[in-house]
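Reviewing the structure listed below.
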């Protein structure tokens, strides 16, 4: 279930953000850091509770074979 995986992704993003929070304050300001921290925490909670979901759609041209892996995304 993608929404549970995305909640974990957000948890890790928030953990990394908090580890580097002071840099965010220095690059932007305290207000930005608080808003971003809130966004990450609220989004994680919403995904965990099933209030948000992620839909991934892959579109291909007629006759084209879909890629077997997602390597094309990262190249």
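Residue numbers (our numbering): 686 to 760. Beta carbons: idealized from backbone N, C-alpha and C, even for Gly.
- Go through its chain and collect everything with a Cβ distance to residue 726's Cβ below 7 Å, but skip five positions before and after it. Translated into the one-based positions of the chain shown, residue 726 becomes position 41. Closer than 7 Å at Cβ, skipping near neighbours: 699.
- Query: Does DSSP put residue 720 in a helix, in a strand, or in coil?
  - Reply: Along the chain shown, one-based indexing puts residue 720 at 35. Of the three classes helix, strand and coil, the one that applies to residue 720 here is helix, per DSSP.
- Task: Just mark residue 717 as buried or exposed, buried being the case when its beta carbon has 16 or more other beta carbons within 10 Å.
- Result: On the chain shown, residue 717 is found 32 positions in, with the first residue counted as 1. Residue 717 comes out exposed.
- Message: Any contact between the segment 722-739 and the segment 699-712? By contact I mean 3 or more CB pairs, one from each, below 8 Å.
- Response: yes
- Have a look at residue 694 and residue 749 and give me their C-alpha separation to the nearest angstrom. To locate residue 694, count along the chain shown from 1; it is residue 9. To locate residue 749, count along the chain shown from 1; it is residue 64. Going from the Cα of residue 694 to the Cα of residue 749 covers about 31 Å.
- Message: Please report the straight-line C-alpha distance between residue 735 and residue 712, rounded to a whole angstrom.
- Response: Reading the chain shown from its first residue, position 50 is the one you call residue 735. Reading the chain shown from its first residue, position 27 is the one you call residue 712. One C-alpha to the other measures close to 33 Å.
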